[in-house]
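The block underneath contains the structure these notes are about, expressed in structure tokens.
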Amino acid sequence: MIDLAALRAATPGLDSGQVFLDSAGSSLPPTVVTDTVVAHLRREAEVGGYRAANERLDDLAAVKSAIAALIGATPDTIALSDSATRSWADFAYSVPMRPGDRILISGADYASNAIAALQHARAAGATVEHIPSDATGRLDTAALAAMLDERVRLVSLQHAPTNGGLVNPVAEATRIAKAAGALVLLDACQSIGQLPIDVAALGVDALSATGRKWLRGPRGTGFLYVRSELAQTMEPSRLDLHSAQWMSPGEYRLAPDATRFEFWECDVAARLGLGAAVEYLLALGPDAVYAAVADRAAYLRKTLPDLPGVTVRDLGTEYSGIVSFTVDGLDPVQVRDRLAEHAVTVTVSHASSTLLDMTGRGLPAVVRASPHCFVSPADLDRFVAALAEISH
Ligand SMILES: Cc1ncc(COP(=O)(O)O)c(C=O)c1O
14 MIDLAALRAA TPGLDSGQVF LDSAGSSLPP TVVTDTVVAH LRREAEVGGY RAANERLDDL
74 AAVKSAIAAL IGATPDTIAL SDSATRSWAD FAYSVPMRPG DRILISGADY ASNAIAALQH
134 ARAAGATVEH IPSDATGRLD TAALAAMLDE RVRLVSLQHA PTNGGLVNPV AEATRIAKAA
194 GALVLLDACQ SIGQLPIDVA ALGVDALSAT GRKWLRGPRG TGFLYVRSEL AQTMEPSRLD
254 LHSAQWMSPG EYRLAPDATR FEFWECDVAA RLGLGAAVEY LLALGPDAVY AAVADRAAYL
314 RKTLPDLPGV TVRDLGTEYS GIVSFTVDGL DPVQVRDRLA EHAVTVTVSH ASSTLLDMTG
374 RGLPAVVRAS PHCFVSPADL DRFVAALAEI SH
């Protein structure tokens with residue numbers, strides 16, 4: 014069980030009295046995260062960025078250890094980056110493509126992934142194809158099995174999409190894809206920090222994630238997990254003097270682990286903040302946090318359909334902490350803005366972010382409420398009351 018009062022006291026963004034339901038966008042960090050970032054920026058201003066970073070080498074190494082502990086990996090399989098998109102692209106563009114090769118993406122795939130897949134495929138004369146969803150909206154694993162052949166180089170899976178509560182059958186889809194020899198890249202941007210992730214149990218080759226959402230880290234942070242064997246053998250599409258070493262005028266050597274997917278320059282303060290966020294989550298107990306998020310989302314999924322004109326749009330059979338909905342006669346942007354007048358923060362997810370799914374359902378946009386564990390039952394009821402006033 015989480016200590017809600019302590020959690021809220023350690024979340025200064027709640028001091029204003031707002032109801033914050035946008036952890037799927039960019040969450041409210043705990044005090045320790047902001048303090049860590051600000052303290053490092055101050056230190057950089059005092060002694061310069063290089064000396065400040067050198068003073069924190071152990072803490073920087075601990076960032077990877079904390080992430081590894083959270084996802085059941087080892088630190089040498091983690092590459093830190095500035096976003097989930099960067100991490101996804103770093104891996105995907107490094108998968109060699111030849112004419113006739115195929116990349117499979119899923120119905121809920123995020124726009125940035127799809128765009129990068131299209132560009133990478135096009136440059137090589139390869140194709141990008143869409144794995145259908147089943148009747149519940151989950152990735153259809155039977156359809157995936159039927160699409161696979163030796164030309165499929167990469168399968169992109171979406172753990173939890175940006176636009177609703179769907180959770181995909183990742184372990185099963187991964188088993189099927191890998192049996193056919195494809196590499197599996199999992200977008201865990203919306204699941205890290207709110208759903209259990211064990212990379213060994215999931216079996217994925219790589220996983221991309223962001224810091225600012227359910228992990229409650231700073232903006233401009235993210236990471237890539239790369240399965241150990243690949244982290245030691247795969248050649249990234251871009252290198253620098255951190256990911257590789259210049260050995261002689263015509264020769265370089267790749268870093269021995271997932272570091273080969275990192276560039277040297279980075280926002281050290283933000284990275285330390287990400288480490289603080291993950292350590293905070295580990296100290297709270299990830300399972301307790303995941304259960305609290307699930308409870309809050311389940312309450313909204315149960316309550317919102319009772320409001321006139323409100324339709325919950327979540328797909329699937331098991332759910333993440335994202336609750337998507339529409340209100341009859343109101344544009345989702347209007348709903349967001351009117352809720353803001355009641356000091357309730359939600360966001361809108363537009364079709365352009367998840368084109369395949371949203372156009373398939375004829376939805377131009379949905380409102381997205383994403384309560385983290387620090388949201389109180391009273392907050393949820395304030396949101397429901399405000400929505401009732403708007404939707405009647
Ligand atoms: C499912 C999903 N994947 C990827 C991203 C991109 O994350 P980032 O902005 O950290 O690159 C998002 C962002 O909303 C997302 O929801």
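Using this note's numbering, read the sequence shown as starting at 14 and increasing by one per residue. Beta carbons: idealized from backbone N, C-alpha and C, even for Gly.
query	result
Under 7 angstroms, do VAL380 and VAL357 count as touching if we go by C-beta distance?	no
Any heavy atom of ligand 1 closer than 6 angstroms to the Cβ of CYS202?	yes
Please list the segments of the alpha helix (DSSP H) lying wholly inside the region 114-202, counting only runs of 4 or more residues, in order along the chain.	124-137, 154-160 and 183-192
Judging by CA-CA distance, which residue of ASP147, ALA201 and ARG115 is the nearest neighbour of ALA195?	ARG115
Determine, using beta-carbon pairs with one atom in the region 253-266 and one in the region 232-240, whether at least three such pairs fall under 8 angstroms.	no
Just to confirm, is the Cβ distance from LEU131 to LEU170 under 7 angstroms?	no
Report yes or no: do three or more beta-carbon pairs, one from the region 327-343 and one from the region 311-319, lie closer than 8 angstroms?	yes
Rounded to whole angstroms, how far is the Cβ of ARG273 from the Cβ of SER250, which I believe are closer than 8 angstroms?	So it is not a contact: roughly 11 angstroms between Cβ atoms.
Give the DSSP-derived three-state secondary structure of SER362 in the structure shown.	strand
Nearer than 6 angstroms: is that true of the beta carbon of TYR332 relative to any heavy atom of ligand 1?	no
How far does the alpha helix (DSSP H) with TYR332 in it extend, from its first residue to its last?	Run containing TYR332: none; DSSP gives neither H nor E here.
Within the 7 angstroms Cβ cut-off, does ALA19 reach chain C?	This model lacks chain C altogether, as it is built from one protein chain only.
ILE84 and VAL168 look like a contact to me (Cβ under 8 angstroms); what is the Cβ gap, rounded to whole Å?	Not a contact, Cβ separation roughly 19 angstroms.
So is LEU20 buried or exposed if we call it buried at 16+ other beta carbons inside 10 Å?	buried
Give the straight-line distance between the Cα atoms of ASP394 and LEU400, rounded to the nearest whole angstrom.	10 angstroms
Who does SER261 pair with in a DSSP beta bridge?	GLU264
Tell me the rounded alpha-carbon separation between ASP392 and ASP35.	13 angstroms
Using CA atoms only, rank isn't needed, just tell me which of ALA18, ARG374, TRP277 and ASP327 is closest to THR175.	ASP327
Please return the same chain residues whose Cβ sits closer than 7 angstroms to the Cβ of LEU297, not counting the five positions on each side in sequence.	ILE15
DSSP three-state label for VAL217, please.	coil
Determine contact between the region 78-98 and the region 144-160, defined as no fewer than three beta-carbon pairs at a distance below 8 angstroms.	no
Using a Cβ-Cβ cutoff of less than 7 angstroms, which residues in the same chain neighbour VAL108 once the five nearest sequence positions on both sides are dropped?	ARG166, LEU167 and LEU196
Confirm the yes/no value for this check: CB of ALA412, any heavy atom of ligand 1, distance under 6 angstroms.	Absent from the model: residue 412. The displayed extent of the chain is 14 to 405, so no value can be given.
Would you say the beta carbon of TYR293 is closer than 6 angstroms to some non-hydrogen atom of ligand 1?	no
If distances are taken between C-alpha atoms only, which option among ALA219, VAL325, ALA23 and PRO43 comes closest to TRP227?	PRO43
Who does ASP35 pair with in a DSSP beta bridge?	SER383
Does any heavy atom of ligand 1 sit closer than 6 angstroms to the C-beta of TYR123?	yes
Are VAL51 and GLY288 close, meaning C-beta to C-beta below 7 angstroms?	no
Count the other C-beta atoms from every protein chain shown that fall within 10 angstroms of the C-beta of HIS405, then say buried if there are 16 or more, exposed otherwise.	exposed
Let me check you understand the geometry: is the CB of THR367 closer than 6 angstroms to at least one non-hydrogen atom of ligand 1?	no
Is the beta carbon of THR175 within less than 6 angstroms of some heavy atom of ligand 1?	yes
With a cut-off of 8 angstroms on the beta carbons, I'd call MET110 and ALA134 a contact; round off their distance for me.	6 angstroms
Can you list, in chain order, the residues of its chain whose CB lies under 7 angstroms from that of LEU225, leaving out five sequence neighbours each side?	The sequence given here has Arg at residue 225, not Leu. SER39, SER40, PRO231, ARG232 and THR234, listed in sequence order.
Along the chain, where does the alpha helix (DSSP H) containing GLY373 start, and where does it finish?	368-374
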